[in-house]
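J.: My structure is below; once you've seen it, I'll send some questions.
Protein chains in written order, with my numbering: chain F, 1 to 286; chain Z, 1001 to 1266.
The following block contains the structure:
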């Protein structure tokens, strides 16, 4: 066992990726432990999510109440629009990884300085720490909310192949959500009102990801704008695959490739901005 | 009694002024906070617009009527937000970090002391501006012509609605005296209040009952708007009763909570 406190920095040979991941695993388990301290919060988070889903489900079911069974506006039926909006809310639960919150708070309080003296990359630490949050939200909030709505409203049952495609796409959407939240949290370097920034992020993402209105129901120019933004890959893309709203293999590959492209692009962007932010960071001593 | 009240009013004005000063010190923050609401409500309006691209009438309400309702719902919400958002801090951390005692040792009412720490949340000005704009614009598009009585009652409707919002917030924030932090339940209550931005007619009857008699957000927007738009009294006569009841319940819970408060030893 190397007793040096900075094994990665001091050793001349590059560290294998597997060994590197091992350095970060404790952050994931620590995140899980602190999360389970407040178990009752999952119940209230579930109520919040169910209420959020119910608002848009009721709103759009009123629109599709009189539509023909073959499909109303945008090719949706009452059943498939309900499935879309409910699953959009479930995805949003998976995207609520608190990274924006915690990065902004640590930058604001200067706690980020403590992280910087450790031989680990802060954004990567945040990524591993948010994994248990996402997993716990999926199991303890997402599944019960989905179960509740299955009992209350008629939903469409997707094909098994589409479910698999959806799962792949949902993983990419979780990565996108992490990167978007990381970038949002980093605004803490330039403003103290990260609350306002986070609220703008939340509204803009919810709208342009297609969480409140499917992109198919937006007028042409607005749909073009939404498709050009990375947020489309967070809700609209996975749900297009889940509901079978695609033409053949090429279309599926295109959807997934665009998500991957945005993941890569935002990773580079946040790495560049992170370096730039560190060079101008000042933390007052305490 | 009157002297104590007078002193609180003078203090409130003074501290409100301090809040305004803070506005000029953190200009970018103000623009961000108020702008955040502009964007949020702008996008919410866009959702209503997109709904009405598909259908002419939603639950018996026309496009401009729904926008009127959406705009009106922001007025009590904004007014409440302007003065009482310090309650979020109570639910979030004041009990958890053992910081609440400092409100108990000041020579003013503890609730006043807590709220006065930040008496003027300029973020709410964005909400109020959009709400006012939507109400005036959609009201004139409908050709709304209020009677003198409706004009006289309208400010009271906004005030009562704000007090209902405050009551619900105070009730859930006070739960933190027992549960240490009550932020998740405050979020849940806040999310439920979003139902009030749309006509209640589109919801299931059990949800309507919940919004009318349990968490009475219907009285902050739907009920007053039905009265202003149609002139039919309906449920609006219950508004003072509901407001008083909600406020009394919230204050009772708050008082019990303050008495139950034990400071953490750290």
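Even for Gly, the Cβ is constructed at its ideal location relative to N, Cα and C.
#1: Where residue 43 of chain F and residue 239 of chain F are concerned, what is the direct C-alpha to C-alpha distance, given to the nearest angstrom?
#2: For residue 1062 of chain Z, which three-state DSSP category applies?
#3: For residue 90 of chain F, does the count of other Cβ atoms within 10 angstroms reach 16, so buried, or fall short, so exposed?
#4: Which residue comes first and which comes last in the alpha helix (DSSP H) that contains residue 1246 of chain Z?
#5: Can you pull the chain F neighbours of residue 1290 of chain Z, defined as C-beta to C-beta under 8 Å?
#6: Just the chain Z side, please: which residues come within less than 7 Å of residue 47 of chain F by C-beta, in chain order?
#7: For a contact defined as C-beta to C-beta under 9 Å, what are the partners of residue 1138 of chain Z on chain F?
#8: Between which two residues does the alpha helix (DSSP H) carrying residue 1169 of chain Z extend?
#9: Span of the alpha helix (DSSP H) holding residue 262 of chain F?
#10: Report back the beta-carbon spacing between residue 174 of chain F and residue 209 of chain F to the nearest angstrom; my notes put them in contact at under 8 Å.
#11: Are residue 1032 of chain Z and residue 197 of chain F touching if we call contact CB-CB under 9 Å?
#12: What distance in whole Å lies between the Cβ atoms of residue 1048 of chain Z and residue 1070 of chain Z, which are believed to be in contact at a cut-off of 8 Å?
#13: Considering only C-alpha positions, which residue in the set Z:1026, Z:1128 and Z:1015 is nearest to residue 1158 of chain Z?
#14: Strictly under 9 Å for the Cβ-Cβ distance: is residue 1033 of chain Z near chain F by that measure?
#15: Could you check how far apart the C-beta atoms of residue 1170 of chain Z and residue 1250 of chain Z are, in whole angstroms? I think they sit under 8 Å.
#16: So residue 1113 of chain Z is in the alpha helix (DSSP H); what residue range does that whole segment cover?
#17: Could one say the Cβ of residue 1253 of chain Z lies closer than 9 Å to chain F's Cβ atoms, at least one of them?
#18: For residue 330 of chain F, which residues in the same chain have their Cβ closer than 7 Å to its Cβ, ignoring the five residues on either side in sequence?
#19: I need the boundaries of the alpha helix (DSSP H) containing residue 41 of chain F, first residue and last residue.
#20: Against chain F, which members of the region 1117-1147 of chain Z pass a CB distance test of less than 8 Å?
#21: Expressed to the nearest angstrom, what Euclidean distance is found between the alpha-carbon atoms of residue 112 of chain F and residue 93 of chain F?
#22: Roughly how far, in whole angstroms, is the beta-carbon of residue 123 of chain F from the beta-carbon of residue 262 of chain F, given that I think they are within contact range, below 8 Å?
#23: Using the DSSP secondary-structure output, state which residues sit across from residue 1057 of chain Z in a beta bridge.
#24: For residue 1208 of chain Z versus residue 1197 of chain Z, is the C-beta distance shorter than 9 Å?
T.: With the given structure in hand:
#1: If you number the first chain from 1, residue 43 of chain F lands on position 43. If you number the first chain from 1, residue 239 of chain F lands on position 239. Distance between the alpha carbons of residue 43 of chain F and residue 239 of chain F: 25 Å.
#2: Mapped onto the second chain, residue 1062 of chain Z falls at position 62. Residue 1062 of chain Z falls in the strand class under three-state DSSP.
#3: Walking along the first chain from the start, residue 90 of chain F turns up at place 90. The residue is buried, with at least 16 neighbouring Cβ atoms inside 10 Å.
#4: Counted from its first residue, the second chain places residue 1246 of chain Z at position 246. 1239-1260 is the extent of the alpha helix (DSSP H) around residue 1246 of chain Z.
#5: This structure does not reach residue 1290 of chain Z, given that chain Z is present from 1001 up to 1266, and the question cannot be answered.
#6: On the first chain, position 47 is the one that residue 47 of chain F refers to. The contacting residues are 1188.
#7: Within the second chain, numbered from 1, the residue matching residue 1138 of chain Z stands at position 138. Within 9 Å Cβ-Cβ: nothing; residue 1138 of chain Z doesn't reach chain F, min ~18 Å.
#8: Here residue 1169 of chain Z refers to the residue found at position 169 when the second chain is read from its first residue. 1148-1174 is the span of the alpha helix (DSSP H), which, as asked, contains residue 1169 of chain Z.
#9: The residue labelled residue 262 of chain F in the question sits at position 262 within the first chain. Note, residue 262 of chain F: alpha helix (DSSP H), 248-279.
#10: Here the question's residue 174 of chain F lines up with position 174 in the first chain. Here the question's residue 209 of chain F lines up with position 209 in the first chain. 13 Å between Cβ atoms; not a contact.
#11: Taking the first residue of the second chain as position 1, residue 1032 of chain Z is located at position 32. Taking the first residue of the first chain as position 1, residue 197 of chain F is located at position 197. Yes, they are a contact pair.
#12: For the purposes of this step, residue 1070 of chain Z is taken as residue 70 along the second chain, with counting starting at 1. For the purposes of this step, residue 1048 of chain Z is taken as residue 48 along the second chain, with counting starting at 1. Residue 1070 of chain Z to residue 1048 of chain Z, Cβ: 6 Å. Contact.
#13: If you number the second chain from 1, residue 1158 of chain Z lands on position 158. Minimum Cα-Cα distance from residue 1158 of chain Z among the listed residues Z:1026, Z:1128 and Z:1015 corresponds to Z:1128.
#14: For the purposes of this step, residue 1033 of chain Z is taken as residue 33 along the second chain, with counting starting at 1. Any Cβ of chain F closer than 9 Å to the Cβ of residue 1033 of chain Z would place that residue at the interface, and such an atom is present.
#15: The residue you call residue 1170 of chain Z lines up with position 170 of the second chain. The residue you call residue 1250 of chain Z lines up with position 250 of the second chain. Right, their Cβ atoms sit about 4 Å apart.
#16: Numbered from its first residue, the second chain carries residue 1113 of chain Z at position 113. 1110-1116 is the span of the alpha helix (DSSP H), which, as asked, contains residue 1113 of chain Z.
#17: Counted from its first residue, the second chain places residue 1253 of chain Z at position 253. For residue 1253 of chain Z, the answer is no, since every Cβ of chain F falls outside 9 Å of its Cβ.
#18: This structure leaves residue 330 of chain F out entirely; chain F is present only between 1 and 286.
#19: Counting from 1 along the first chain, the entry for residue 41 of chain F is found at position 41. If you look at residue 41 of chain F, you'll find it in the alpha helix (DSSP H) that goes 40-64.
#20: Under the 8 Å Cβ criterion, the region 1117-1147 of chain Z contributes 1123.
#21: Counting from 1 along the first chain, the entry for residue 112 of chain F is found at position 112. Counting from 1 along the first chain, the entry for residue 93 of chain F is found at position 93. Whole-angstrom Cα-Cα distance: 26 Å.
#22: Within the first chain, the letter at position 123 stands for residue 123 of chain F. Within the first chain, the letter at position 262 stands for residue 262 of chain F. Taking the Cβ atoms as the reference, residue 123 of chain F lies roughly 17 Å from residue 262 of chain F, outside the contact range of under 8 Å.
#23: Position 57 of the second chain holds residue 1057 of chain Z. Bridge partners of residue 1057 of chain Z: Z:1062.
#24: If you number the second chain from 1, residue 1208 of chain Z lands on position 208. If you number the second chain from 1, residue 1197 of chain Z lands on position 197. Result no, Cβ atoms of residue 1208 of chain Z and residue 1197 of chain Z do not sit closer than 9 Å.
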